[in-house]
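What follows is a single structure, written as structure tokens, with notes after it.
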Amino acid sequence: MTKKNCWEVKKCGRQLGGEKAKELGVCVASTEKKTNGINDGSNGGRACWAISGTLCGGAVQGTFATKFGNCLQCDFYKQVQKEEGPDFKGGSAILQKLGSH
Numbered sequence: 001m002t003k004k005n006c007w008e009v010k011k012c013g014r015q016l017g018g019e020k021a022k023e024l025g026v027c028v029a030s031t032e033k034k035t036n037g038i039n040d041g042s043n044g045g046r047a048c049w050a051i052s053g054t055l056c057g058g059a060v061q062g063t064f065a066t067k068f069g070n071c072l073q074c075d076f077y078k079q080v081q082k083e084e085g086p087d088f089k090g091g092s093a094i095l096q097k098l099g100s101h
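To convert, note that position 12 of the sequence shown is 12 in my numbering; the numbers rise steadily by one, no gaps.
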């Protein structure tokens, strides 16, 4: 089974080279190299909940602290958590990679 990134599941088209990237902008989740490989994702594709400024729901989201409550309700977050099981990397592990404490 190939694990999908947020832009593949959400079908936002805002990944680098995506069909809506030129019109609406590229989401930082698709370009954040520090999180590449986390939860087996490409760049921030399976760590989007911990990345500040992601473009989710058609709008720029804030910092981890301000958006995480919404992320906990997200079907994609729940999907990654289920797929990764005990190897799931949540907030603190990702924030460490990003250099935030």
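Cβ atoms here follow ideal geometry from the backbone N, Cα and C, with glycine treated the same way.
Residues of its chain near residue i, where Cβ-Cβ distance is below 7 angstroms and the 5 sequence neighbours each way are ignored
{"i": "residue 63", "result": "52"}
{"i": "residue 42", "result": "5, 36"}
Distance CB(residue i)-CB(residue j) smaller than 8 angstroms
{"i": "residue 44", "j": "residue 29", "result": "yes"}
{"i": "residue 74", "j": "residue 54", "result": "no"}
{"i": "residue 95", "j": "residue 65", "result": "no"}
{"i": "residue 99", "j": "residue 68", "result": "no"}
Contacts around residue i, its chain only, beta-carbon distance under 6 angstroms, and the 5 residues preceding and following it disregarded
{"i": "residue 101", "result": "Its pLDDT being 44, under 50, residue 101 is placed unreliably in this model, and the value from its coordinates should be taken loosely. So the list is empty, once near-sequence residues are dropped."}
{"i": "residue 61", "result": "54, 67"}
{"i": "residue 19", "result": "13"}
{"i": "residue 9", "result": "76"}
Nearest-angstrom Cβ-Cβ length linking residue i and residue j, presumed shorter than 8 angstroms
{"i": "residue 97", "j": "residue 39", "result": "That pair is no contact at about 11 angstroms."}
Are the stretch 76–83 and the stretch 1–12 in contact at 8 angstroms, needing three or more beta carbon pairs?
yes
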